[in-house]
Amino acid sequence: TDDDDNKMELDEAPTIILQKKKFHLYSYIIHVDQKVDDDNKLLGKILCLLHSIYYIFDLRYPEHLKHFVELTDFYMRKQQNFNKLSITLQSVILKLRTNQNAYMPLNEDIVLAVRVQNLLPTETNIYDVAPSKIAVSKSVNNDQLKYTYIREEDVIIDPADQPYQIAGAEDPRIVLYNNTYYLFYTAVSKTDTGDWLAHLALATCNAVNDPLKKQSWQYHGPLFPNHSWSKSGALLIHNQTHSYLFFNDSSIAIAVSEDLIHYELTGNLLFTTREDRFDSELVEAGPEPQRLSDGNYLFLYNSARQTTIPNPKPGWRLEYNLGWVILDGQNPLNILARSDEPIFSPDKDWEKCDNSSSTFWRTRGLTPLVVFVEGWKKIANDQFLIWYQGCDTTVGVAELKVAFGNCFILKMSVPVMAFSLTLYLLALG
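Residue numbering for the sequence shown follows UniProt numbering, starting at 1 and increasing by one per position.
Right, here's the structure in full:
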């Protein structure tokens, strides 16, 4: 915020330094064109072995294997203390051809609502994709790194269901409150003249029903139908009388609600872009703000800046980064602090997919130079798991910690159970 009176008193501005180190652990991920069941595990292992050979020797895929994807490195970003702020981050790729994932509370299991896309039958390159759908993937034995593969029956939001989302459904965010799941997502369509429309939409599910089933969800339509562009809603239920919806991707707008179904624009902005910063081109709401042990809220937001980094996508000149703000626990519309530097930016091959990346990733990233957070889960006081996507193609998980001393300290750290070697089979219909 530009209002210095609203800023938290800090001894000095926070600084974030990341030092990355690569470990030679691998997560094997395969996308197959047909359904996969238990009888296909041997096939999956064979394909995984073939895929590993092609990856290690950087070979060109034969035509019949071009849709089988990705053996990826397991990365660890090692903690580096600097001034008042330190961050560590570990991330692991979970699935390919998936992105934009929201955490869904479900008993003791972890469920992700995931944006998925198929290539068009007539595709000529990786950018020829069909409309996005939102599907669910459930953790296996409550392991945050092992998830069920996705089939057509796992889709809960289908573009074909409603005319206002006929061109796609994306950007899922989920909040569970009073036994109801609130799923905010972006419904994409086009005008008669071919102009794109994006409407922030809502679907709900009573928790007595199975949220993993499409028929359990009720559509409520666009929240702001008279506006041609609204997206990415983060709901903050402050108390029984005050609920705020932070949304959009040019500035963060504010809406209020009395019933969590209907929303009224306030006409005010929570914050906007800043010149010559990592968020100079775009700011977009992340997942719902989470309460910290000091009573204030941590709100993560996605952002973008112009870049000249060469990449293979025609006309693409943005780099996405992750930022944060601290919202006043008494008045969440008051910003106490805002990051001067991003928590992290794309710097591994599966986050960059640019011209400096390996051939493997350079030819597979749908949108280069992107890290983007949409889901997180509180696992302890001031400690969270976050799920994020890289290049609109992969899903990663990381651990975030907040510590308090003379000033606010933010860390991104290692999930203990991350050290595993797993074969994932993913089928998207």
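Ideal Cβ placement from N, Cα and C applies to all residues, glycine included.
Item: How should His-199 be labelled, buried or exposed, when 16 other C-beta atoms within 10 angstroms of its C-beta is the threshold for buried?; Value: buried
Item: Helix or strand or just coil, what does DSSP make of Thr-394?; Value: strand
Item: Check Thr-148 in the structure and name its three-state DSSP category.; Value: coil
Item: Is it buried or exposed for Ala-380, if we count other Cβ within 10 angstroms and need 16 for buried?; Value: exposed
Item: Less than 8 Å separating the beta-carbons of Leu-322 and Asn-302?; Value: yes
Item: Nearest to Ser-357 by alpha carbon, out of Pro-312, Val-397 and Tyr-388?; Value: Pro-312
Item: On a CA-only basis, which of Glu-170, Ala-167, Ile-134 and Asp-171 is nearest Glu-153? Give me that one, please.; Value: Ile-134
Item: Look at the alpha carbon of Ile-335 and the alpha carbon of Pro-222, and state the distance between them as a whole number of angstroms.; Value: 28 Å
Item: If we count the other Cβ atoms within 10 Å of its Cβ and call it buried at 16 or more, is Gly-315 buried or exposed?; Value: exposed
Item: If you check the beta carbons only, do residue 505 and Leu-366 fall under 8 Å apart?; Value: Because the chain here runs from 1 to 429, residue 505 falls outside it and cannot be looked at.
Item: Let me check one thing: in DSSP terms, what residues is Arg-189 bridge-paired to?; Value: The question names Arg, yet the displayed sequence has Ser at residue 189. According to DSSP, which records beta bridges pairwise, Ser-189 is partnered with Leu-197.
Item: Comparing C-alpha positions only, which one of Asp-340, Leu-333, Pro-310 and Val-111 sits nearest to Trp-324?; Value: Asp-340
Item: Whose C-beta lies closer than 6 Å to the C-beta of Leu-300 among residues of the same chain, with five residues either side of it excluded?; Value: Gly-286, Trp-324 and Val-373
Item: Let me know the alpha helix (DSSP H) ranges lying completely inside the region 319 to 369, each 4 residues or longer, listed in chain order.; Value: 349 to 352 and 359 to 362
Item: To which residues of the same chain is Ser-216 closer than 6 Å at the C-beta, ignoring the five residues directly before and after it?; Value: Cys-205, Asn-209 and Asp-210
Item: Leu-183 and Leu-202 look like a contact to me (Cβ under 8 Å); what is the Cβ gap, rounded to whole Å?; Value: 7 Å
Item: Straight-line CA distance for Gly-375 to Asn-142?; Value: 16 Å
Item: Can you tell me which of the three DSSP states Pro-289 falls into?; Value: coil
Item: Taking buried to mean at least 16 other C-beta atoms within 10 Å of its own C-beta, is Ser-132 buried or exposed?; Value: buried
Item: Can you look up Ala-203 in the DSSP assignment and give me helix, strand or coil?; Value: strand
Item: Taking only the alpha-carbon atoms, compute the straight-line gap between Gln-117 and His-262 and give it to the nearest angstrom.; Value: 30 Å
Item: Using only the alpha-carbon positions, how far apart do Gly-168 and Tyr-388 sit?; Value: 20 Å
Item: Which two residues bound the contiguous beta strand (DSSP E) that contains Val-129?; Value: First-last for Val-129: undefined, no H or E at that position.
Item: The beta strand (DSSP E) with Asp-276 in it runs from where to where?; Value: Premise fails: Asp-276 is in no beta strand (DSSP E) and is neither H nor E.
Item: Could you tell me how far apart the beta carbons of Ser-137 and Ile-150 are, in whole angstroms, since I believe they sit closer than 8 Å?; Value: 5 Å
Item: Could you check if Val-397 is buried or exposed, using at least 16 other CB atoms within 10 Å of its CB as the buried criterion?; Value: buried
Item: Cα separation between Arg-338 and Glu-123?; Value: 42 Å
Item: Here's the rule: buried if 16 or more other CB atoms are within 10 angstroms of the residue's CB, otherwise exposed. What is residue 444?; Value: As shown, the chain starts at 1 and ends at 429. That puts residue 444 outside it, with no answer to give.
Item: Going by DSSP, what residues sit across from Glu-138 in a beta bridge?; Value: Inspection of the sequence shows that residue 138 is occupied by Lys rather than by Glu. Paired residue(s): Val-111.
Item: Determine the direct distance from the alpha carbon of Asp-171 to that of Ser-230, and round the result to whole angstroms.; Value: 11 Å
Item: If you draw a straight line from the alpha carbon of Arg-305 to that of Arg-364, how long is it in whole angstroms?; Value: 22 Å
Item: At what residues does the beta strand (DSSP E) containing Gln-162 begin and finish?; Value: Here Gln-162 belongs to no beta strand (DSSP E), and DSSP marks it neither H nor E.
Item: Can you grab the Cα-Cα spacing for the pair Ser-280 / Pro-163, in whole Å?; Value: 34 Å
Item: Can you find the residues in the same chain that come closer than 7 Å, C-beta to C-beta, to Leu-292, ignoring five residues on each side of it along the sequence?; Value: Leu-298, Asp-382 and Val-402
Item: Would you mind stating whether Leu-270 and Leu-333 have Cβ atoms separated by less than 8 Å?; Value: yes
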